[in-house]
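J.: Handing you a structure now.
Numbering (the working numbering), first residue to last: 1 to 374.
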């Protein structure tokens, strides 16, 4: 009995340390396995690590990536080079704003105008110096092809801040120089407009450009025809607004007749000009009228030959053909200014034969500015 109790006590004393040892070994093995498996899983990236990053909204500009350090590639270095992002081409500093364009120097305003006849020995430069103007301004304003010939009537625009020494002369242009076989066939418009469409068609067919002296009232009443005249390349000139006898008007009324006509041109055909030529209605003028017109920047123009299409009894086309092409001798036709009217249907009917006849005589029909500069 005693031996059995001793054996059982000995077994209990031996099993306790064994159990403790087993427990300790289990704990140690557990920590070892934990370290091994934890290291293995931490070495492999999680699935989301290789997914493409979500792009920012379009209105958000991605930040510029930091500069890469040698030996330490950044996340941007792993991006595919075939599709660079906006951040890859963004400059590292803000672009410099371009300098604001400089304003061109202001051109002096025109303070007045003077009429002047080119004299022997004068040049554009000397006329501009004496007139308080500029050579290129005189050329542009008078529609000159170059230096004006002796005897050419000019309007000299006088610039602010300059002291002109020339006095304005009362001028009235009746013809151009006779150096070339050119004729200026001019058409005045102040009454009917019915024949004008046919006239323009004839001029287009022949490839001829004329000068039209239009009243402001006619342009206001016929805006489409006015624009067609401009579109066809013809030259416009001032013929007053209401077609009055200017000798009976005050200086203020004359100024209004000219200015109102100019205003209606800009309203009807923006960009077109009726400067610098003016023809007094009825051909009625005196020295006062000439000086007042020139002071407003217009060169008064008369004519060499009146077709008489608006005078007396209605004329036939045959009369007008002979009157326009056969009255003046060839030497007198060179540089001639011929008056006819837009409201004359016989003139419209005669126009093709008039152009043919001039061509047969060896003459070209030109705009007034071209004949005066010839």
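For every residue, glycine included, the Cβ atom is placed at its ideal position computed from N, Cα and C.
By the three-class DSSP mapping on this structure, what secondary structure does residue 361 have?
T.: Note: residue 361 maps to coil in three-state DSSP.
J.: Alpha helix (DSSP H) containing residue 332: first to last residue?
T.: 330-333 is the span of the alpha helix (DSSP H), which, as asked, contains residue 332.
J.: Decide yes or no for the touch test of the segment 237-247 against the segment 196-204: beta carbon pairs closer than 8 angstroms, at least 3 of them.
T.: Flag = no, the segment 237-247 and the segment 196-204 do not touch.
J.: Count Cβ pairs between the segment 209-223 and the segment 177-197 that sit closer than 8 angstroms; are there 3 or more?
T.: A contact exists between the segment 209-223 and the segment 177-197.
J.: What are the partner residues of residue 182, as DSSP defines its beta bridges?
T.: According to DSSP, which records beta bridges pairwise, residue 182 is partnered with 364.
J.: Near residue 369, which residues of its chain fall below 7 angstroms by C-beta distance, leaving aside the five closest residues on each side in sequence?
T.: These residues qualify, in order along the chain: 143 and 235.
J.: Nearest to residue 250 by CA position, among 286, 176 and 225, is which residue?
T.: Closest by alpha carbon: 286.
J.: Cα-Cα, which of 372, 363 and 162 is closest to residue 208?
T.: For the residues 372, 363 and 162, the minimum Cα distance to residue 208 belongs to 363.
J.: Distance check for residue 333 and residue 292, CA to CA, integer angstroms please.
T.: Computed Cα separation, rounded: 30 angstroms.
J.: Assuming residue 321 contacts residue 295 under a Cβ cut-off of 8 angstroms, what Cβ separation, rounded to an integer in Å, is found between them?
T.: Wrong, their Cβ atoms sit about 40 angstroms apart, outside the cutoff.
J.: Excluding five sequence neighbours on each side, which residues of the same chain lie with their C-beta closer than 6 angstroms to the C-beta of residue 357?
T.: Contacts found: 325.
J.: What is the DSSP secondary structure of residue 238, reduced to helix, strand or coil?
T.: In the structure shown, residue 238 sits in a strand (DSSP, three-state: E or B).
J.: Using the Cα positions of residue 316 and residue 342, report the straight-line distance between them to the nearest angstrom.
T.: Cα-Cα distance, rounded: 15 angstroms.
J.: So residue 156 packs on residue 113, CB below 8 angstroms; how close in whole Å?
T.: Confirmed, about 7 angstroms.
J.: Just verifying my parser: in three-state terms, what is the DSSP assignment at residue 338?
T.: Reduced to three states, the DSSP call for residue 338 is strand.
J.: Look up residue 326 in the DSSP assignment and say whether it is helix, strand or coil.
T.: Residue state, collapsed to three classes: helix.
J.: With DSSP run on the structure shown, which of helix, strand or coil describes residue 231?
T.: It is helical.
J.: Using DSSP bridges, identify the partner residues of residue 116.
T.: 154, per the DSSP bridge assignment.
J.: To the nearest angstrom, report how far apart residue 302 and residue 280 are at their CA atoms.
T.: Going by the C-alpha atoms only, they are around 8 angstroms apart.
J.: Which word fits residue 175, buried or exposed, when buried means at least 16 other C-beta atoms lie within 10 angstroms of its C-beta?
T.: Result: buried.
J.: Which of helix, strand or coil does DSSP assign to residue 147?
T.: Looking at residue 147 - three-state DSSP - the assignment turns out to be coil, as it is neither helix nor strand.
J.: With distances taken from CA atoms, which of 372, 299 and 265 is nearest residue 230?
T.: The shortest Cα separation from residue 230 among 372, 299 and 265 belongs to 265.
J.: Within a Cβ cutoff of 8 angstroms, which residues of the same chain sit near residue 109, ignoring the five residues on either side of it in sequence?
T.: Answer for residue 109: 159 and 160, listed in chain order.
J.: To the nearest angstrom, how far is it from the Cα of residue 361 to the Cα of residue 323?
T.: Answer to the nearest angstrom: the Cα atoms are 14 angstroms apart.
J.: Residue 225 and residue 272: beta carbons closer than 7 angstroms?
T.: No, the pair does not count as a contact, with Cβ atoms beyond the cut-off.
J.: Hey, quick one: how far does the alpha helix (DSSP H) through residue 211 stretch, first residue to last?
T.: First-last for residue 211: 211-214, but that is the beta strand (DSSP E), not the alpha helix (DSSP H).
J.: Measure the beta-carbon distance from residue 269 to residue 227 and round it to whole angstroms, keeping in mind my assumption that it falls under 8 angstroms.
T.: With a Cβ gap of about 5 angstroms, residue 269 and residue 227 count as contacting.
J.: Just list the residues that DSSP pairs residue 354 with in beta bridges.
T.: DSSP output for residue 354 lists no bridge partner at all.
J.: How big is the Cα-Cα spacing for residue 223 and residue 216?
T.: Between residue 223 and residue 216, the C-alpha separation is close to 10 angstroms.
J.: DSSP on residue 110, reduced to helix/strand/coil?
T.: The answer is strand: DSSP assigns residue 110 an E or B state.
J.: Can you tell me which of 124, 181, 126 and 248 puts its alpha carbon nearest to the alpha carbon of residue 374?
T.: Closest option to residue 374, Cα to Cα, is 181.
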